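Taking numbering that gives the first Met the number 0, the leading residue of the sequence shown gets 0, the next gets one more, and so forth.
Here a beta-carbon is modelled for each residue, glycine too, at the ideal position from N, C-alpha and C.
Remember, predicted model here, so these are calculated numbers, not experimental data.
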Amino acid sequence: MPRSADMFPRSRLMGLLAAVLILPGGCERQPTQLPGTGLTLPQAQRRVLGLAADQWESATREAAHSASADPPARRNVVIITLDSLRADHLHCMGYERETSPTMDRLAAEGVLFAGAVSTTSWTLPSHAALFTALPNSVHGCDHYTRMLGPERLTLAEHMAAQGYQTAGFYSGPFLHPIFGVAQGFESYTNCGSESSYSDFDIGSKRDPMHLHLPSKDGIVAAHQVAHADITSPRIVERVKEWLDHRDASRPFLMFVHMWDPHYEYIPPPPYDTRFGETYDGGADFTEFWRMPTPARKYSAKDVQHLRDLYDGEIAWTDAHIRMILDALATHAALDDTIIVVTADHGEQFLEHGHLGHHYSLFDEETRVPMIVWGPGVVPVASPGAQVTLMDVAPTVLDLLGLPPMPNVFGRSLRWLWEDGSKGVDDERATVLVLHAGKLDANGKPEWTTWAVRTSRWKRILTVPKGLNALFDLRSDPGEKRNVPTSDRKLAAEADGVFAAMMRTLEALRMAHPGGANSGGDLPPELINQLRANGYIGGSEDK
Numbered sequence: 000m001p002r003s004a005d006m007f008p009r010s011r012l013m014g015l016l017a018a019v020l021i022l023p024g025g026c027e028r029q030p031t032q033l034p035g036t037g038l039t040l041p042q043a044q045r046r047v048l049g050l051a052a053d054q055w056e057s058a059t060r061e062a063a064h065s066a067s068a069d070p071p072a073r074r075n076v077v078i079i080t081l082d083s084l085r086a087d088h089l090h091c092m093g094y095e096r097e098t099s100p101t102m103d104r105l106a107a108e109g110v111l112f113a114g115a116v117s118t119t120s121w122t123l124p125s126h127a128a129l130f131t132a133l134p135n136s137v138h139g140c141d142h143y144t145r146m147l148g149p150e151r152l153t154l155a156e157h158m159a160a161q162g163y164q165t166a167g168f169y170s171g172p173f174l175h176p177i178f179g180v181a182q183g184f185e186s187y188t189n190c191g192s193e194s195s196y197s198d199f200d201i202g203s204k205r206d207p208m209h210l211h212l213p214s215k216d217g218i219v220a221a222h223q224v225a226h227a228d229i230t231s232p233r234i235v236e237r238v239k240e241w242l243d244h245r246d247a248s249r250p251f252l253m254f255v256h257m258w259d260p261h262y263e264y265i266p267p268p269p270y271d272t273r274f275g276e277t278y279d280g281g282a283d284f285t286e287f288w289r290m291p292t293p294a295r296k297y298s299a300k301d302v303q304h305l306r307d308l309y310d311g312e313i314a315w316t317d318a319h320i321r322m323i324l325d326a327l328a329t330h331a332a333l334d335d336t337i338i339v340v341t342a343d344h345g346e347q348f349l350e351h352g353h354l355g356h357h358y359s360l361f362d363e364e365t366r367v368p369m370i371v372w373g374p375g376v377v378p379v380a381s382p383g384a385q386v387t388l389m390d391v392a393p394t395v396l397d398l399l400g401l402p403p404m405p406n407v408f409g410r411s412l413r414w415l416w417e418d419g420s421k422g423v424d425d426e427r428a429t430v431l432v433l434h435a436g437k438l439d440a441n442g443k444p445e446w447t448t449w450a451v452r453t454s455r456w457k458r459i460l461t462v463p464k465g466l467n468a469l470f471d472l473r474s475d476p477g478e479k480r481n482v483p484t485s486d487r488k489l490a491a492e493a494d495g496v497f498a499a500m501m502r503t504l505e506a507l508r509m510a511h512p513g514g515a516n517s518g519g520d521l522p523p524e525l526i527n528q529l530r531a532n533g534y535i536g537g538s539e540d541k
């Protein structure tokens, strides 16, 4: 892919993460001791956010400096998310198969964040977190019956207010604009087949109360159609059409959601046989999405066949990412464009008893790739710090020299390549959450799994009952052995940070409009329709 040979100029900017210091009732309170942690609240918040003391003290000064500095040239931004792409199946992440030549090159010429994690293990809340830089429990779009509330500020809205042209291209059911994720996009184009979405449509308005529900007697099983859809060629076609007709006088933000790595695993030839011999096993993986738990005992050969097809899907999608980059180059836009490639969640292949995703918060379902490439990005060895999808928006705004979004949890990652001596940030924690099952009359799900993760350990708790575990990720990266209670030091540390993180989330919720009651409910008639179409229902919706 073409790229200017000149080194792009750099400027230092770190967004101020002041929101997590806001306490209910004001921000001038004296530090409050957190029970059982040995930490005051500000100390705990600094620790779980992973900010060193000197960074915290300099954040205000740097934000003030950036406000008075001349802004850099107006660059474009393209954010590409691959649905269901687990990090360890990319060649640039150490995978033995060459599944990802385009992404590998972007990683080599830009920055690959090897420690990236999502906020959950399914599509809707993770994308809402990416767009808002907020945890799922703060942005509120955290269950299949919830939408992103209009009071939530998205990256697209923020950049549109700065004069950017904004365009989104989606190809999966849970990114339909009815869920609120289209906020701020001037155009938001469906790249799935028409029958995948024909049963619910909001027409020209993004307000869910302007639904156009079907009048026909029968309801097409859109969920089933969507999972059998092949969308990458249509995405490339729609992106090219938009580039041909865009307003060339304005910089742009483009969001591209690529659905094809999601099951069913049906890569077109020659990708269907690129990574495996002809399968002669007896397993039938059609309608894969109907299997919440394996319906039969699959052999190692069966599972390897699924992996072969999955890797073919990744390579197929990677080839279409190259086509998007080529289209940008054709329009002389590539060298002025920041490219971010990441994923919403991973995929499980029986590591913990399931196939697919939306079952757990184990790493195979929550670790994702994250690559940043383009002007202002200095190629460095892969930073090992733990980063999250919530960091994408602050990083983009930092690179563009735009004002930061207020009261967010994510932070700019620019310092990780501009100051390599501080590139390992083991103390930073992030929170993941998975709500599942139906909601009761009070809006409470049947069960919720919480996880707090650092680079060194992960604490998982399912309520009201279920998994209660602590994993040492350095000695047990596969999360197979619950740390024994005899390791009191590690357990005390994890429980203390877990408690501090919950308090931080509560403070952040209260700093946003709507407080703890963030998000909005989808209309009942739409929920009924989604359930009839197979999109939702119990804990099997994904």
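**Request:** Pick helix, strand or coil for F178, following the three-state DSSP scheme.
**Result:** In the structure shown, F178 adopts helical secondary structure according to DSSP, grouped into three states.
**Asked** Per DSSP, V371 is paired with what?
**Response** DSSP lists V110, V339 as partners of V371.
**Message:** Assuming contact is defined by CB atoms lying nearer than 9 Å, are G148 and G162 in contact in what I supplied?
**Reply:** Judged by beta-carbon spacing, G162 lies beyond the 9 Å limit of G148, meaning their Cβ atoms are not closer than that value.
**Asked** Does the separation of the CB atoms of V569 and I370 fall below 9 Å?
**Response** The structure shown does not extend to residue 569, since the chain spans only 0 to 541, so no value can be given for it.
**Message:** Could you tell me the alpha carbon to alpha carbon distance between A428 and T387, rounded to whole angstroms?
**Reply:** Straight through space, the alpha carbons of T387 and A428 are spaced by roughly 10 Å.
**Buried versus exposed call for D141 [16 or more other C-beta atoms within 10 Å across all chains shown]** = D141 is buried by the Cβ-count criterion.
**Item:** Nearest neighbour of K239, chosen from I320, L489, A225 [CA to CA]
**Value:** With respect to the C-alpha of K239, the residue from I320, L489, A225 having the closest C-alpha is I320.
**Message:** Quick check on DSSP: helix, strand or coil for D82?
**Reply:** Three-state result, D82: coil.
**Prompt:** What do you reckon, are the CB atoms on I313 and T98 nearer than 9 Å?
**Reply:** Yes, the pair counts as a contact, with Cβ atoms nearer than the cut-off.
**Message:** Using only the alpha-carbon positions, how far apart do L327 and L89 sit?
**Reply:** Going by the C-alpha atoms only, they are around 23 Å apart.
**Prompt:** Per DSSP, what kind of secondary structure is I229 in: helix, strand or coil?
**Reply:** Correct three-state label for I229: coil.
**Distance between A159 and L174 (C-alpha atoms, nearest Å)** = Going from the Cα of L174 to the Cα of A159 covers about 20 Å.
**Asked** Does the beta-carbon distance from G375 to R74 come in below 9 Å?
**Response** Result yes, Cβ atoms of G375 and R74 sit closer than 9 Å.
**Asked** Between F184 and the rest of its own chain, which residues show a CB-CB distance below 6 Å, the 5 nearest in sequence each way excluded?
**Response** Same-chain partners within the cutoff: A155, T165, G167.
**Message:** Using the Cβ count rule (16 or more neighbours within 10 Å means buried), how would you classify V462?
**Reply:** Classification of V462: exposed, given that the 10 Å Cβ count is below 16.
**Message:** According to DSSP, is H344 part of a helix, a strand, or is it coil?
**Reply:** Under the three-state reduction of DSSP, H344 is assigned to coil, being neither helix nor strand.
**Request:** To the nearest angstrom, report how far apart C190 and L415 are at their CA atoms.
**Result:** Pairing C190 with L415, the inter-Cα distance amounts to about 35 Å.
**Request:** Buried or exposed for H261, please, with buried defined as at least 16 other CB atoms from any protein chain shown within 10 angstroms of its CB.
**Result:** Residue burial is scored here from C-beta neighbours: H261 has at least 16 other C-beta atoms within 10 angstroms and is therefore classed as buried.
**Message:** So, for M257: in the same chain, excluding its five sequence neighbours on each side, which residues have a beta-carbon less than 8 Å away from its beta-carbon?
**Reply:** I79, T80, L81, D82, S170, T230, S231, I234, T316, H319, I320.
**Of the residues G275, A331, L252, F361, the one placed nearest T118, counting alpha carbons only** = Answer by Cα proximity: F361.
**Request:** Measuring alpha carbon to alpha carbon, tell me which of S381, A380, E95, R145 ends up nearest K443.
**Result:** It is R145.
**Prompt:** What span of residues does the alpha helix (DSSP H) with H304 cover, start to end?
**Reply:** Residues 299–329.
**Message:** Less than 9 Å between the beta carbons of A498 and L469, yes or no?
**Reply:** Note that the C-beta distance between A498 and L469 is not below 9 Å.
**Asked** Are the CB atoms of D271 and L242 nearer to each other than 9 Å?
**Response** The Cβ atoms of D271 and L242 do not sit closer than 9 Å to each other.
**Request:** Determine the burial state of E150: buried for a count of at least 16 other Cβ atoms within 10 Å of its Cβ, exposed for fewer.
**Result:** Answer is exposed; the Cβ neighbour count stays below 16.
**Which of helix, strand or coil DSSP assigns to M253** = Looking at M253 - three-state DSSP - the assignment turns out to be strand.
**Prompt:** Cα separation between P124 and N135?
**Reply:** Approximately 6 Å, taken between the alpha carbons.
**Item:** Enclosing beta strand (DSSP E) for T448 [first to last residue]
**Value:** Segment 444–452, the beta strand (DSSP E) holding T448.
**Request:** Go to F497, then tell me how far its alpha helix (DSSP H) extends in each direction, as first and last residue.
**Result:** Element bounds for F497: 487–509.
**Request:** May I have the straight-line CA-CA distance separating D301 from G280, to the nearest angstrom?
**Result:** When rounded, the distance between both Cα atoms is 7 Å.
**Asked** In or out: T336 buried (at least 16 other Cβ within 10 Å) or exposed?
**Response** Looking at its Cβ environment, which holds 16 or more other Cβ atoms inside 10 Å, T336 is buried.
**Asked** Exposed or buried, which one is S485 when buried takes at least 16 other CB atoms within 10 Å?
**Response** With a threshold of 16 other beta carbon atoms within 10 Å, S485 falls short and is exposed.
**Message:** So the candidates are F130, G311, V340; which of them puts its Cα closest to the Cα of I323?
**Reply:** With distances taken between Cα atoms, I323 lies closest to V340.
**Message:** According to DSSP, is I234 part of a helix, a strand, or is it coil?
**Reply:** Helix at I234.
**Item:** Identified DSSP bridge partners for Y169
**Value:** The bridge partners DSSP lists for Y169 are N189.
**Message:** I'd like to check one pair, L433 with V451: are the Cβ atoms closer than 9 Å?
**Reply:** No, the Cβ-Cβ distance between V451 and L433 is not below 9 Å.
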